[in-house]
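Following this note's numbering, the numbering of the sequence shown begins with 43 at its first residue and continues without gaps.
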Amino acid sequence: MPRRQSSQWEFDNLFASEGKEIPEKPKKASQPVQPEKPTVLTVGDLTREIRNLLEGGFRSIYVSGEISNFRAQSSGHCYFTLKDGDAQLSCVLFRGERVSHREQLQQGVKLVLKGDISVYMPRGQYQLIVRGIELDGVGALQLAFEKLKKKLKEEGFFDAERKRLLPKYPSRIGVVTSSSGAAVRDVAHVLGRRHPGLKLVIASCRVQGQGAAQEIASAIDLLNEWHVGNHESSQLDLILVTRGGGSLEDLWAFNEEVVARALAASALPVISAVGHEIDFTISDFVADARAATPSAAAELISEGAMAASQFLVEVHDRMTGALQSFCAQAMIHLEQVGRRLDYLHPRRVTERHAQHLDDLHDRLSRAASHQLYLLKERLQQNKGLMRTLHPDRQLAEQAGQFARIQRQFLAAVTTGVAQNQHHLKQVSAELKLLGPVQVLSRGYSISQAVETGEIIKSDEDLKTNDLVKTHVFKGDFLSRVERRPSS
């Protein structure tokens, strides 16, 4: 096979046989050596050479990676990028190419593609012409997961109607897990802290690897048989199926149909707590309840007990407070009763009565002395009053008072008469000014209907042919109504 050139511009040995040297041409001493001109390639020539090399060397190759930038054209051709953490590769799947798993060409799906490397001349870009699609390990598992999930959903395994309520206060539970795993330690630790009286019946089994799914299903069946075969006081309240986190392959046993059907057939309520919060398995959908982690499952199981414990603590605190308050009130009441009993003791009563008698004696003595003093004072006052009220003195005082009253009366009568006379004159003058005669003297007249004698105040009081008597300052006269001005 001819040797490859070490660079694009080394063409000296292209025509030399392998292992043979080309004899040098004799050089003339008189002529200088002229450098050979380099061969210049066009972009098209260079790209064509590269295409020949790539297309000839990379045929029917397998490449794994993750799909991104997927575009399906209206022509039916598909364009996308296959990438990993180090590089990316443009890919093309033509419409006429018959391949399996075409529907798996979706954003983010990991696949293994079979194809040929080609160079797209207009852009100078190399790409993979896809001839086949295969699922990588994770992709195949994901496809199987979705297929089983759809099947079980159609059979009603995920229906809310078949989900059972978890017991609020379990006393004994079965645990399906590996006895050497971290999950059982986490569950025991949380339950020991939150529900120390809860008993665990562990059905140990493998939780990953070949045959693990069958062991998990058998452990579930075994706990159900144990529940039925024991006395009521030793029966289980629920089953916890759990394990710690891991990859999809590690958790795959919980995605097997045999486990799903064992969960659905369980006579006891089941909690599934497999992996971490982001992990979802078929067992999570089939079980009566799902917990994100083993520790979360333990918290869910002990939720009722914790609430009851908290309630009991609150009741204890309230009862303690009520008892303390009652005792304090009782002590106050006892002190009051003690003081009352001491107050009502015969000796205390006798002492108080004796003191009261002494007090009354003192007050009576003071009152008698005071009354005697008051009587003496009143006697002196009566003596003076008697002198003041002697008949001779009273007669003299009354005579003087009568003369003084007589003078005041005469003066008041005289003044009143004068004031009344003056007022009478004023009223008389005013009455004269307002009297009918004075009004008539100023040219006014008064008319009255002859028939009724009523004073005429308005033309509405008259009718045609009524006889009217009119009074003037000097005399009166009769007149008859011929018509009213408003008629």
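Heads up, the beta-carbon is just placed ideally off N, CA and C, and yes, glycines get one too.
What do you get for Thr-219, buried or exposed, if any count of 16 or more other CB atoms within 10 angstroms of its CB means buried?
-> For the purposes of this step, residue 219 is identified with residue 177 of the sequence shown, where counting begins at 1. Flag for Thr-219 reads buried.
Drop a sphere of 10 angstroms on the beta-carbon of Arg-285, count the other beta-carbons inside from all chains shown, and report buried for 16 or more, exposed for fewer.
-> One-based indexing of the sequence shown puts residue 285 at position 243. Per the 10 Å Cβ criterion, buried.
Quick one: Cα of Leu-153 to Cα of Ser-260, how far?
-> The sequence position of residue 153 within the sequence shown is 111, counting from 1. The sequence position of residue 260 within the sequence shown is 218, counting from 1. So the two alpha carbons sit approximately 35 Å from each other.
Every unbroken alpha helix (DSSP H) within the stretch 457-501, with a cutoff of 4 residues, ordered by chain | 478-483
Below 8 Å between beta carbons: does that hold for Thr-512 and Ser-489?
-> In the sequence shown, counting from the first residue as 1, residue 512 sits at position 470. In the sequence shown, counting from the first residue as 1, residue 489 sits at position 447. In contact: Thr-512 and Ser-489 (Cβ atoms closer than 8 Å).
Specify, as a first and last residue, the run of the beta strand (DSSP E) that Tyr-121 falls within.
-> Locating residue 121 in the sequence shown gives position 79, counting from the first residue. 120-125 is the span of the beta strand (DSSP E), which, as asked, contains Tyr-121.
Those residues which DSSP pairs with Gly-86 across a bridge | Taking the sequence shown and counting its residues from 1, the one referred to as residue 86 is at position 44. DSSP lists no partner for Gly-86.
Touching or not, the stretch 107-123 and the stretch 144-164, by the rule of three or more beta carbon pairs under 8 Å?
-> yes
At which residue ranges does the stretch 164-249 contain complete beta strand (DSSP E) runs of 3 or more residues, listed in the order of the chain?
-> 167-177, 214-219, 241-246
Can you tell me the Cα-Cα spacing of Gly-380 and Gln-397, whole angstroms?
-> In the sequence shown, counting from the first residue as 1, residue 380 sits at position 338. In the sequence shown, counting from the first residue as 1, residue 397 sits at position 355. If you take the alpha carbons of Gly-380 and Gln-397, they lie about 23 Å apart.
With distances taken Cα to Cα, identify the nearest neighbour of Val-226 among Cys-247, Val-134, Arg-360, Thr-84.
-> As a first step, residue 226 must be located in the sequence shown, where it is residue number 184. Cα-wise, what sits closest to Val-226 is Cys-247.
Which residues in the same chain as Asp-54 place their Cβ atom closer than 7 Å to its Cβ, once the five residues preceding and following it in sequence are excluded?
-> By 1-based counting over the sequence shown, the position of residue 54 is 12. Legend: pLDDT at Asp-54 = 42, less than 50; position of this residue unreliable, value from coordinates given subsequently. Closer than 7 Å at Cβ, skipping near neighbours: no residue.
Which same chain residues, not among the five before or five after Ser-276, have their C-beta less than 8 Å away from its C-beta?
-> Residue mapping note: residue 276 aligns to position 234 of the sequence shown, counting from 1. Answer for Ser-276: Arg-214, listed in chain order.
Could you give the DSSP three-state label for Thr-362: helix, strand or coil?
-> Locating residue 362 in the sequence shown gives position 320, where the first residue counts as 1. Residue state, collapsed to three classes: helix.
So Ala-304 is in the alpha helix (DSSP H); what residue range does that whole segment cover?
-> Locating residue 304 in the sequence shown gives position 262, counting from the first residue. Here the alpha helix (DSSP H) through Ala-304 covers 299-307.
Flag this pair as yes or no: are the beta carbons of Leu-280 and Pro-311 separated by less than 8 Å?
-> On the sequence shown, residue 280 is found 238 positions in, with the first residue counted as 1. On the sequence shown, residue 311 is found 269 positions in, with the first residue counted as 1. Yes.
According to DSSP, which residues form a beta bridge with Gly-107?
-> One-based indexing of the sequence shown puts residue 107 at position 65. Per DSSP, Leu-153.
Beta-carbon separation (whole angstroms), Ser-337 vs Val-217, contact threshold 8 Å = Taking the sequence shown and counting its residues from 1, the one referred to as residue 337 is at position 295. Taking the sequence shown and counting its residues from 1, the one referred to as residue 217 is at position 175. Actually they are not in contact, since the Cβ atoms of Ser-337 and Val-217 sit about 13 Å apart, beyond 8 Å.
On the three-state DSSP scale, how would you describe Arg-137?
-> Locating residue 137 in the sequence shown gives position 95, counting from the first residue. It is coil, neither helix nor strand.
Among residues of its own chain, excluding the 5 on either side of Val-85, which ones have a beta-carbon nearer than 8 Å to its beta-carbon?
-> In the sequence shown, counting from the first residue as 1, residue 85 sits at position 43. Once the five neighbours on either side are set aside, the close Cβ partners of Val-85 are Gly-166.
DSSP-derived helix/strand/coil call for Ala-333 = The residue labelled residue 333 in the question sits at position 291 within the sequence shown. Ala-333: coil per DSSP, three-state reduction.
Leu-386 versus Gln-378 - alpha carbon distance = If you number the sequence shown from 1, residue 386 lands on position 344. If you number the sequence shown from 1, residue 378 lands on position 336. In a straight line, the C-alpha of Leu-386 is about 12 Å away from that of Gln-378.
Express the C-alpha separation of Phe-122 and Pro-238 in angstroms, rounding to a whole number.
-> Here residue 238 corresponds to residue number 196 of the sequence shown, with the count starting at 1. Here residue 122 corresponds to residue number 80 of the sequence shown, with the count starting at 1. One C-alpha to the other measures close to 57 Å.
Considering only C-alpha positions, which residue in the set Ala-304, Ala-347, Thr-323 is nearest to Leu-240?
-> The count along the sequence shown starts at 1 and reaches residue 240 at position 198. Of the candidates Ala-304, Ala-347, Thr-323, the one whose C-alpha sits nearest the C-alpha of Leu-240 is Ala-347.
With 16 as the cutoff for other CB atoms within 10 Å, does Gln-169 come out buried or exposed?
-> Within the sequence shown, the letter at position 127 stands for residue 169. When all chains shown are included, Gln-169 counts as buried.
Determine, using beta carbons only, whether Ser-325 and Val-301 come nearer to each other than 8 Å.
-> Looking up residue 325 in the sequence shown gives position 283. Looking up residue 301 in the sequence shown gives position 259. Yes; because the gap between Cβ atoms is below 8 Å, this pair is in contact.
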